[in-house]
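Below: one structure, written as structure tokens.
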Amino acid sequence: MIRVASEDFTLTLDSGQTAALRKGDYIALYPQLIHLDPEIYPNPTEFKYDRFLDDDGQRKSNFFKNERRLKHFLLPFGSGASECPGRFFAVHEIKQFLALTLWHYDLQLSDPDATLVPDSTRAGLGILPPSRDVLLRKLIQCAPNSIITMSLYPSLEDMKVDKFMQAHNTPTVSPLKALPLPEPSRCQNEPYYDSKSEEIATSNRLYPELNEFMGLNLSADAQLTLSSSVPDETSGGVFVQLVQANTPAALAGLRFGDQILQINGKSCAGWSSDNAHKELKNSNPEKITLAVRDRPLERTVTLHKDMNGQLGFLFKKGRITSIVKDSSAARNGLLTDHQICEINGQNIIGLKDSQVTDILNSSGGVVTVTVMPVVIFEHMMKRMSSSIVKSLMDHSIPEV
């Protein structure tokens with residue numbers, strides 16, 4: 049923060065020191081120095097994970113200087129007119145980086161007993177380059193009898209990998225099949241096993257279901273016919289376009305836009321909607337098994353109403369058209385050209401704008417909005433009748 053003295057005066061600091069300033073002198077202030085003030089933060093150079101938490105584990109906002117409560121006690125970014133507009137994005141980036149790093153890697157300091165001393169060479173103007181090595185181990189395996197976890201919304205490949213890892217770590221569940229006895233005529237003419245057959249049998253023992261792994265057939269016959277079996281055009285996927293209220297689909301939790309990966313164990317890759325409809329019609333009416341993935345590029349944003357009860361965005365036919373500057377929508381990264389799919393978990397696709405506005409107005413101070421890119425939404429809806437969506441779509445309020 050740089051200021052220019054408009055007249056001669058004497059500046060008295062909290063420590064009692066004084067500085068005589070002349071008119072026209074430049075004054076450079078560094079507000080972030082409050083982070084190193086021991087009166088505000090005891091032992092400021094030490095890392096304390098609960099420094100900003102009170103006794104109840106809630107966010108702490110009571111910090112004092114000279115027995116006065118500070119309004120601005122934390123200044124991690126620029127302030128004033130030059131306040132960093134990307135600070136909210138930066139915070140989300142840091143959180144995502146830490147979450148992904150801790151989830152996928154095992155971290156260990158190369159020298160955990162080393163002591164670090166404060167480095168003021170950059171005076172807090174940026175992140176210091178690393179001075180120590182960090183050992184990274186990717187978490188790709190688990191103990192034989194432990195539970196293997198997948199992502200919250202796994203893809204078909206994730207489920208195949210999970211199935212393969214479970215079969216690999218628990219061989220007792222899938223006992224090995226004995227090698228078939230050779231035919232008498234083959235034994236008389238060829239007393240030894242063919243080395244290629246023995247190699248294939250060994251491979252099948254080590255890698256169960258490898259012929260179906262990741263949807264690939266790795267046999268020699270499949271490789272010979274691979275070039276002739278590749279289709280000229282592939283479907284963009286099978287998606288849920290309509291969910292009626294109080295139907296098995298609604299009770300099972302299917303939602304508009306969910307991608308169907310498998311039907312009764314059969315992969316839907318490359319299927320058209322007619323293929324999916326035919327498979328569903330021919331299925332056992334007592335049990336239909338679907339493997340689904342959440343809406344592509346879906347985002348759930350939590351917004352807070354201001355003093356006037358506004359969230360800070362405008363929409364038309366469910367499509368976000370404008371974002372109000374410095375509003376909750378802008379601070380939390382809501383974007384234009386996105387279609388609103390849900391509000392607080394309630395499907396609003398097919399509702400009029402006035403009905404959506406009533407839902408927003410009747411919601412509390414915190415509103416959760418689920419959106420998806422308009423280009424994907426229009427691709428899903430281009431063959432759907434709007435009247436069917438308005439009259440049959442499940443708009444019930446979810447039970448929490």
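Here the sequence shown stands for residues 49 to 448, numbered as in my numbering. Positions of the beta carbon are idealized from the N, C-alpha and C atoms, including for glycine.
In the structure shown, the three-state DSSP call for residue 109 is coil.
The beta carbon of residue 418 sits closer than 6 Å to those of 348, 389, 390, all from its chain and outside the five residues before and after it, given in chain order. Counting only runs of 4 or more residues that sit fully inside the region 395-434, the alpha helix (DSSP H) segments are 401-410, 422-429, in chain order.
Contact between residue 339 and residue 362 is absent: CB atoms are separated by about 38 Å, not below the 8 Å threshold.
Distance from the CA of residue 286 to the CA of residue 146, rounded to the nearest whole angstrom, comes to 34 Å.
Taken atom to atom, the span from the alpha-carbon of residue 154 to that of residue 183 is near 8 Å. Residue burial is scored here from C-beta neighbours: residue 428 has at least 16 other C-beta atoms within 10 angstroms and is therefore classed as buried.
Within the region 323-407, the complete beta strand (DSSP E) runs of at least 3 residues fall at 338-341, 347-352, 361-364, 367-371, 386-391. Distance from the Cα of residue 82 is smallest, within the candidate group 72, 75, 93, for 93. When DSSP states are grouped into helix, strand and coil, residue 315 belongs to the strand group. Our two residues, residue 118 and residue 96, have alpha carbons roughly 20 Å apart in a direct line. The distance from the Cβ of residue 288 to that of residue 441 is about 11 Å, inconsistent with a contact at the 8 Å cut-off. Ranked by Cα distance from residue 414, the first of 344, 392, 297 is 392. Assignment of residue 136 by DSSP, reduced to helix, strand and coil, places it in the helix class. Around residue 371, the same chain offers 360, 361, 377, 378, 382, 384 as residues with beta carbons nearer than 7 Å, after the five sequence neighbours per side are excluded. DSSP places residue 142 within a helical segment (H, G or I) once states are collapsed to three.
By the neighbour-count criterion, in which a residue is buried when 16 or more other Cβ atoms sit within 10 angstroms of its Cβ, residue 137 is exposed.
In the three-state reduction of the DSSP assignment, residue 50 falls in the strand class. Look at residue 163 here: in three-state DSSP terms it is coil, with no helix or strand label. Beta-bridge pairing by DSSP links residue 68 to 58. Under the DSSP assignment, residue 183 falls in the beta strand (DSSP E) whose first and last residues are 182-186. Around the Cβ of residue 106, a 10 Å sphere holds fewer than 16 other Cβ atoms; the residue is exposed. For residue 155, the enclosing beta strand (DSSP E) covers residues 153-157. For the options 68, 297, 157, 333, the alpha carbon positioned closest to that of residue 185 is the one of 157. Between the region 328-342 and the region 299-313, the count of Cβ pairs shorter than 8 Å is three or higher; the stretches touch.
Shortest Cα-Cα distance from residue 352 to any of 380, 368, 336 involves 380.
For residue 76, the beta-bridge partners assigned by DSSP are 50. At the C-beta level, residue 108 and residue 100 come within 7 Å of one another.
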